[in-house]
Structures are given as structure tokens and as C-alpha cells.
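Going from the sequence shown to the numbering used here is simple: count from 1 and add 254.
Worksheet: one structure, shown below.
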Amino acid sequence: MIDLHAIQTRVEALIRQAGKKIADTSASPIHKKAGHYNLVTDTDVVVEEFLKQELLALLPDSRFFAEEQENEALTSAYTWIVDPVDGTCNFTRGRRASCVSIALILDRKPILGMIYNPYADELFSAVRGEGACMNGQPIHVTENAFDNALIAFGTSPYYAHLAAATAYCFHQFLTRSGDLRRVGSAALDCCDLACGRADVFFELLLSPWDFAAGALLIEEAGGIFTMPYEAETDFGKPACILAANPQCLAPAHEILMRARDYIEKGN
């Protein structure tokens, strides 16, 4: 068995180094990928290559699954799931709401999750079964009821066919809960839920590197992480994501399920 706590300490140093590379970059060439407004910068590539080299050396025979490369199917082996710059659009606009996200997966489930926001110097971390922390201090989801909930959400901008359904969800949450926030980084949204800055997070389609670390943070902070449109939770493919404190899960789930009907009908 691996020494997970020793690995956690080393990953913390690496993610801080990666975050410094982001925060120290005032401008980085921007390139377009497939999909509407889907951007990648040279910094994304540099940070990913740095983490790939270091993480694979840290845990020999592990695999690497990340945004800026072609990925093989997820297996039961130790696998690093990495987003080198989550919130790339924010990064290109100087909005200071981007982060590095690293998860270690075993048997297709996260056992270590870490997200670092270099602009706020906030490091979120979790080991399965041991709770979640921000900068070493324990964090927990709120107990807010749904009618007083703050909803974090993403718009799935790369998938035009989901725009109307996202707008439907937006209206439902706006009229039934407290208010909504759009940060522009799914990983940071997960952190906000885990530490009580939000009560619900949803997005109709996200990739594993966007949510793998955040899922563990949320669960270890007492929240519930789900893929409402899937038969089982799968960290190897894109999915609709819904996470919430226990009090808000049921009404939020109801809205997402109605949105699926909305998608299927093409309305």
C-alpha cells in the first residue's frame, strides 16, 4: 500500500508550484479548441506537463488523465486526474478566479483531492474518510434550507444544445432558492460548496478533470455529490453534476430531472 499522507504532502508542494506558474503569468498565448469558446493557453500546457512529469515520478506505475491530452479509458489503477488551469477563460481575462485541480483515483474513485487557488492562496484538500480542509483548517457544508440557498452553477458553454435547459434551470433556481453565482471555474464552485460559500452546485455537462477533486472535497465536507443522469458515478467520462448540502439536495435534484425532460424533448 502507498503512504497516502506522504503523497499528500508532496502533492501540496507540487500544486503550489503549479499555482505560482499561473499567478506569475501576466499574459499567455491563447489557442482555440473544439467547441464554442473553448480556450487553451500555453500556460495550461506548461503546467500540465510539469504536473505529469512530477506526479508520475511520485507514484510509479500510476496513470495520468488530464484536460490537454488524449486520454485512455479510466481503469481501476492509481490515476491522477488533473486540470492544470480550471477557469481558463477567467485566466485569459485577468479575472483572478482560476485554480489547479488534482485528484488521485483508485478503483475509479477519488481517494485524494486537492484544489489550489493561487490568487487567494487557498489550498483545499481531502483524503477519503478523513474530512476536508482549507489551508489546514476543517471545512463543512452549510445547513441552509433550499429557499435560502446560494446556487453556484456552470453554463456548459461548449455544448450549445444545453443552453435552453441551462436557462430553464437558472429560472427555476432563481425563483425557488435564494440567489445564484457564476464563478467560471467548476473546481472553485466545488470548493465554495465544501466550505459553505454556496449551498448547491450544478452544471449540465462537465469533464472529469473539472470535478474529480471537488467531488471528494464536497463529500468529505459533509455534502452530497451526484451525477443525476447516470446509473452510477463514473469519473472517467463527462457527466451532469449536482452537488449540495443534504437539506438542498432533493429540491435541486427535482429541477435537474425536469431539465433532462426539457433536453430530451428538444424544447
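Glycine included, C-beta positions come from ideal geometry on N, C-alpha and C.
Predicted, not measured: the structure shown is a model, and the values here were computed from it.
Taking the Cβ atom as the reference point for each residue, do residue i and residue j lie within a distance shorter than 7 Å?
i	j	result
A403	I393	no
A504	G477	no
N499	T396	yes
Y527	L459	Residue coverage of the chain in this structure runs from 255 to 521, which leaves residue 527 outside it and unanswerable.
A267	A357	no
W463	I256	no
F427	L416	no
D340	A441	yes
I276	P411	no
M388	C449	yes
E322	V299	yes
L328	G490	yes
For residue i, which beta-bridge partners are listed by DSSP?
i	result
W334	F318 and L358
A498	V454 and I478
E376	N371
V339	Answer is none; V339 lacks a bridge partner.
L328	L328 is not bridged to any residue.
P492	P492 pairs with nothing; no bridge assigned.
K363	L360
P505	Per DSSP, none; premise fails for P505.
A351	According to DSSP, A351 bridges with nothing at all.
M388	F378 and Q391
L471	Looking at the DSSP assignment, L471 forms no beta bridge with any residue, so it has no partner.
Q460	It is Leu, not Gln, that sits at residue 460 in the sequence shown. According to DSSP, L460 bridges with A493.
Under the assumption that residue i contacts residue j (Cβ atoms under 8 Å), give the Cβ distance between them as a whole number of angstroms.
i	j	result
Y516	A419	5 Å
I269	V354	5 Å
R362	G438	Not quite, the Cβ-Cβ distance comes to about 28 Å (not below 8 Å), so this is no contact.
F318	L471	About 21 Å; that fails the 8 Å criterion.
A506	F424	Their Cβ separation, rounded to whole angstroms, is 13 Å, which puts A506 and F424 out of contact at 8 Å.
T409	R436	7 Å
Note down, in chain order, each residue of its chain lying with its Cβ closer than 8 Å to the Cβ of residue i, except the 5 sequence neighbours on either side.
i	result
M481	T487, D488, A493, C494, I495 and L496
A272	V301, F304, L305, P338, V354 and Y370
V530	With the chain covering 255 to 521 only, the question about residue 530 has no answer from this structure.
D262	Residue identity check: residue 262 is Gln in the sequence provided, not Asp. Around Q262: L366, M368, S379 and V381.
E376	Y370, M388, N389 and C445
Using a Cβ-Cβ cutoff of less than 6 Å, which residues in the same chain neighbour residue i once the five nearest sequence positions on both sides are dropped?
i	result
Y422	A513 and Y516
E474	A380, G385 and A386
C502	F400, A403, D453 and V454
S431	F400, A403 and I405
F479	A469, I472, E473 and A497
T279	T297
C445	I369 and F378
E484	A493
Give every residue of the same chain whose Cβ lies closer than 7 Å to the Cβ of residue i, excluding the five residues on either side of it in the sequence, and list them in chain order.
i	result
L360	Y332
E508	none
K274	P372
E518	none
Check whether chain D comes within 7 Å of residue i, counting only Cβ atoms and requiring the distance to be less than that.
i	result
V381	In the structure shown, chain D cannot be found, because there is only a single protein chain.
Problem set entry | In chain order, each beta strand (DSSP E) run of at least 3 residues that lies wholly inside the region 397-454 | Counting whole runs of 3 or more residues, the region 397-454 contains the beta strand (DSSP E) stretches 404-407 and 433-435.
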